[in-house]
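Working notes for the structure below.
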Amino acid sequence: MPPGVTIMSDTPLSGPDSLDAQGAITKPRSFQEIILRLQSYWAARGCAILQPYDMEVGAGTFHPATTLRSLGTKPWAAAYVQPSRRPTDGRYGENPNRLQHYYQYQVIIKPSPPDLQDLYLGSLRAIGLDPSLHDIRFVEDDWESPTLGAWGLGWEVWCDGMEVSQFTYFQQVGGHDCRPVSGELTYGLERLAMYVLGIDHVMTMPFNDPQSPIALSYGDIFRQTEEEYSRHNFDGASTDMLFQHFKDAEAECDRLLGFEPDDPKTKKRIIMAHPAYDQCIKASHLFNLLDARGVISVTERQAYIGRVRALAKKCADAFRQTEAGADAAEQGA
Amino acid sequence: MSDLLIELFSEEIPARMQARARADLQKLVTDGLVEAGLTYAHAAAFSTPRRLTLALEGLSTESRAVREERKGPSVSAPAQAVEGFLRATGLTLDQLEKRADKKGEVYFAVIEKPGRKAPDIIAEVLEGVIRTFPWPKSMRWGNGSLRWVRPLHSILCILSDEGGTEVVPLTVDGITSGNTTRGHRFLSPGAFVVNNFEDYAAKLKRAHVILDSAEREDAIRAEAQTLAFAAGMELVEDPGLLAEVAGLVEWPVPLMGRIADDFLGLPAEVLQTSMKEHQKFFSTHNPKTGRIEGFVTVANTVTADHGETILKGNQKVLAARLSDAKFFWENDLRVAKAGMAEWAEGLKAVTFHNKLGSQADRIARIAALAREIAPMVGADPDLAERAAKLAKLDLRSAMVGEFPELQGLMGMYYARAAGEPDAVANAARDHYSPLGPSDAVPTDPVSVSVALADKIDTLTGFWAIDEKPTGSKDPFALRRAALGVLRLVLGNGVQSTLCKLMGQSLFQSRKFAVYADVPFGKPYDRPDNVDGPRTLTQFLETALAFDDASANGNELFVRFDAEKTCDVQLAEKAKSLVLTEAKGLASDLLSFLHDRLKVFLKDQGIRHDVIDACLAMPGNDDLTLLVKRATALQATLQTEDGANLVQGYKRASNILTQAEQKDGVEYSFGADLKFAETDEERALFAALDTAEKTITPAMAQEDFATAMQAMAGLRAPIDAFFTATQINTDNPIVRRNRLNLLHRIRMICLSVADLTKLDG
């Protein structure tokens, strides 16, 4: 096992734990407290706490820290919050738990440690879900991302009948076998937090501590934007522009990958895998918007997904040629 | 003798894979051990979400030594032959013995296989089984290369007897076997040592794991029934769900809750489907109200609050799910009550197949066909057409979007809500049937019209675009559709000429296929959206107006060509469509249906040659008639007269054929009684007259039993005739007359079935 992984253990390295005077886990009081507890829990277990990727993505998996870094043999451990956008899920802020913009918490560890299930259960404990009071279940759910050319096996994790996380052992990404295998955990933060906090409508959920001088609810922050983006996604966005941008992103991705690896200016080997992958992310989001606008027919849908997948595969191919994505044996050679 | 216990402990195994995995583990390990020379008395396999277990009793402690002698080539044989023998035996030349044989000195190989200790064999077999286990889907994890269904954590492998217990040592991809296992993930997480199977099962139970899935199932069923009973309800049995739930828990704890009043107005099927699919809940039924009012969820743990938190959580999730369902239901009802036009419009944008147009196009074809079929099954054509137009609209409903398995059923609810008559609403529910060989066949005439039209359209559609089933590949389930046609037709005694129906249906489908093939517009552009080549549409429409495919497609083509109103390439396509393809496809499709019919009838005990004899008759596209004929023929052949008549017929036919070949003429000119010489000959004349008088009207009324009985009655006079009379006499007039008489026998028999196709 590579040295990077030995620090993974159930004993926290540092960071606040949320215990009361008797040593019992306290209940968090706000959405952000749950996020902060997850951050410190995974930080204490050796993950690099990254910040969200600065682009529109449909899920935390799209962050290059997951897609690209799950390729190659270099050990990796990262955790981050990723704002995620699903344009078709917009409900103008009216639905109790459906949003076009929401947060995912993502943990990715390569190679997957043998005690990943226990580590995961520890994180539930840290946010106030005590397995001795709840019914926690690992229910078969094979994960597949047709746009990323990726799949893995794992479960959706149920807490008292509610899906609270997705737990996946990556087998393939961008058409490449994952060797070693990464373990990926994805928490749907709003839904999880609503359950922990006992909230029925997402907009009423306390975002910061309700005792704060200026207490803010989720609705205070996001109700208006949900309305605005719902209108934008369903009726406002210019489809002509989106179609054009999709083509542009596709072309740019190809163009960037077409460069000679050796940069004439620096005399270094620089493959622009990440910038090209940004274009793939863009194309994927543009496709989601076009889908929400209802201008993509059933038959075209498959074709568009195939085009994004082709980009993802090319980017994965390119990343595998870089230092971060190479195999250890090849690096030595 | 000793007992073997194997446990493969892993992360959670999907419930649906466990039963198969148990059986595979047992078979693969026992096969491997037996092959290696061990014997055992009894084997049993078990599974929980986290473990696969195999227990063998009475396993022999070692395999017997085997001594095998094999005779090889002669000492003087070419070197290659000797080398081959060495390879086959795995020996070297100096290990071979030379022995005297009849033909001189010959090499002998004496192979000694010493007995092996059971642990060596077990280790080898188990490692092989683990490395090649046939999981439907398997995965790698961490740095390893081993594949298992989910990460494999430990291997317990012990041999035990009165003397004690020993670990069978083996290591697979870094996992070393031992004698410990673990209990329930949350209730008893510690590891413990196991000595033998009884010890294992007992310790597991103390550690909150019920090893045997059957025992878990029984426990769940019993407790769920008790809970339901206590609440004045009945558990809705669901064996599939029970098996699945038993595969999700090691320590089942059923908990019962009530469905909130808000949701009790939802159709029972919606409640049941939502609870089962999303949450694996059992439904409970209140016999007093006849409604589904409660649920049983099965937790995998006991808690200090007796499951209160768990139940509350589950109830909350259920409420959210049912809120969605209620939202769908209410929205759908609104659309339904407004006449469902919104859904009909929506289906125009849903592609059925890119060469066969949209779902709306498909519905239009089915509706036209249902109207044609209606009179044949005693349905009102207007109702049948109406039902066909509505039957699939629920595909656009939110509820079916969420629960595809409720298609048709929701259609029924929505058609009722729209104020449609029962016959129309029921057709929405029933028109997908029958889906399998034992599924019920609809009997209401309107349902039958729509069901038949739906299946015929599917068949002709995929025939039209050349997507027929090949070998084991049948992606569009066309064999099932064909069986559906057969069962609908035969089950309801429908008399129809399928060829004509399929011909018309094929025209409609081919039209879409042609449009998809020709290079204009997008493939899913519908004909009425197409501006330029409108003439092709007109051409096709006109062509379709012809009753018969053999009509003047060519004439039409010439006319269109002369008027230069149609693109030549398109016109060529259209011509081939009208003239040849549809017609050829219809007969090809008919023979596909006939093949399915043969399989279907064979299962019902009708001989294949009997079916062939009837298939060779005209009107074989009327399947009801065909089966009636075949059934009557089979019954006739089972009588002595019937069986012998066939011999008589064949004799007559053979003599006639030989004579016709020899003389180069056809003997089909009426035989005359006045040239009859023997009594038997005269008697045959009389018998044929009598038989004909019965057979002709009977056949006209399709009364095959009577016709065939009359035909079988000819057996005695025919036999007597052949015994007493020589056909090829010297008198040419008498001979010709007798040959013509044979011709009459042939014609009468052939009017009933083609007896030449019969075996024997």
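Here the protein sequences line up with chains A and B, keeping their order.
Be aware that the first sequence starts at 809, since it is given in our numbering, and climbs by one per residue.
Be aware that the second sequence starts at 2, since it is given in our numbering, and climbs by one per residue.
Think of the CB as a built atom: it goes at the ideal place given N, C-alpha and C, for glycine as much as any other residue.
Fair warning: this is a prediction, and the values are worked out from it, not measured in the lab.
On the three-state DSSP scale, how would you describe residue i?
i               : result
D985 (chain A)  : strand
F10 (chain B)   : strand
K204 (chain B)  : helix
K114 (chain B)  : strand
K918 (chain A)  : strand
K289 (chain B)  : coil
I156 (chain B)  : strand
I176 (chain B)  : strand
G1071 (chain A) : Sequence inspection shows Asp at residue 1071 (chain A); the Gly mentioned does not correspond to that position. D1071 (chain A) falls in the coil class under three-state DSSP.
A261 (chain B)  : coil
M618 (chain B)  : coil
M970 (chain A)  : strand
V1103 (chain A) : coil
R853 (chain A)  : coil
Q19 (chain B)   : helix
S48 (chain B)   : strand
T658 (chain B)  : helix
R527 (chain B)  : Note on R527 (chain B): pLDDT 37, under 50, position unreliable in the model; no value is reported.
Examine the ligand NAP and report whether any of its heavy atoms sits within less than 7 Å of the Cβ of residue i.
i              : result
G485 (chain B) : The ligand NAP is absent from the structure shown, which contains no ligand whatsoever.
My guess is that residue i and residue j are in contact by the Cβ rule of under 8 Å, so how many angstroms apart are they, rounded?
i               : j               : result
L1119 (chain A) : E1058 (chain A) : 6 Å
P446 (chain B)  : G379 (chain B)  : 5 Å
V865 (chain A)  : I1113 (chain A) : The Cβ separation is near 16 Å, so there is no contact.
Do you know offhand how far residue i's Cα is from residue j's?
i               : j               : result
A419 (chain B)  : M377 (chain B)  : 28 Å
L249 (chain B)  : E309 (chain B)  : 20 Å
G665 (chain B)  : I656 (chain B)  : 14 Å
F547 (chain B)  : G1066 (chain A) : Residue placement at F547 (chain B) is flagged as unreliable, the pLDDT there being 44, under the threshold of 50; the coordinate-derived value follows with that caveat. Their Cα atoms are separated by approximately 59 Å.
E70 (chain B)   : V35 (chain B)   : 22 Å
V490 (chain B)  : V425 (chain B)  : 20 Å
L357 (chain B)  : R363 (chain B)  : 8 Å
D102 (chain B)  : G38 (chain B)   : 32 Å
E721 (chain B)  : P438 (chain B)  : Here residue 721 (chain B) turns out to be Ala, not Glu, going by the sequence shown. Distance between the alpha carbons of A721 (chain B) and P438 (chain B) is about 48 Å.
D219 (chain B)  : S592 (chain B)  : 50 Å
P470 (chain B)  : I696 (chain B)  : 41 Å
P1021 (chain A) : T304 (chain B)  : 38 Å
S284 (chain B)  : L236 (chain B)  : 6 Å
G314 (chain B)  : Y1003 (chain A) : 8 Å
K675 (chain B)  : V449 (chain B)  : 56 Å
Q974 (chain A)  : K1055 (chain A) : 32 Å
D596 (chain B)  : Q360 (chain B)  : 29 Å
G533 (chain B)  : Q1110 (chain A) : Note that G533 (chain B) has pLDDT 36, beneath the 50 cutoff, so the model's placement of it is unreliable and no number is given.
D923 (chain A)  : W850 (chain A)  : 14 Å
G33 (chain B)   : N144 (chain B)  : 29 Å
Out of the options, which has the shortest C-alpha to C-alpha gap to residue i?
i               : options                             : result
R762 (chain B)  : B:V195, B:L394, B:F723 and B:A706   : Look at the range of chain B in this structure, 2 to 761, and you will see that residue 762 (chain B) is not part of it.
G957 (chain A)  : A:C855, A:Q980 and A:A832           : A:Q980
D431 (chain B)  : B:A399, B:L391, B:T461 and B:S398   : B:L391
H366 (chain B)  : B:V753, B:Y415, B:M503 and B:T290   : In the sequence as displayed, the identity of residue 366 (chain B) is Arg instead of His. The candidate whose alpha carbon is nearest that of R366 (chain B) is B:M503.
R745 (chain B)  : B:I734, B:T726, B:I719 and B:D760   : B:I719
A1126 (chain A) : A:Y910, A:A1100 and A:G983          : A:G983
D306 (chain B)  : A:D923, A:P836 and A:S940           : A:S940
F109 (chain B)  : B:P120, B:A124 and B:L92            : B:L92
V965 (chain A)  : A:R987, A:R1128, A:A1045 and A:D926 : A:D926
Q505 (chain B)  : B:A454, B:P476 and B:R480           : B:A454
L586 (chain B)  : B:V130, B:I457 and B:F686           : B:I457
Using a beta-carbon distance cut-off of less than 8 Å, what residues from the region 350 to 368 of chain B approach chain A?
Residues A350, V351, T352 and N355.
Residues, ordered as in the chain, of the region 930 to 956 of chain A that lie near chain B by beta-carbon distance below 8 Å
P939, S940, L941, H942, D943, I944, R945, F946, V947, E948 and D950
Closer than 7 Å between beta carbons: that is the criterion. Which residues of the region 976 to 987 of chain A meet it against chain B?
Y977 and Q979
### Proximal residues, the region 137 to 151 of chain B versus chain A, C-beta separation under 9 Å
Within the region 137 to 151 of chain B, the qualifying residues are K138, S139, M140, R141, W142, G143, N144, G145, S146, V150 and R151.
| message | At a CB distance below 9 Å, what residues from the region 5 to 17 of chain B approach chain A? Give them in sequence order. | response | E12, E13, I14, P15, A16 and R17
Note to self: Taking beta-carbon pairs under 7 Å, can you tell me which members of the region 606 to 638 of chain B lie near chain A?
What the structure shows: none
- Message: Closer than 7 Å between beta carbons: that is the criterion. Which residues of the region 171 to 205 of chain B meet it against chain A?
- Response: Answer set for the region 171 to 205 of chain B: F187.
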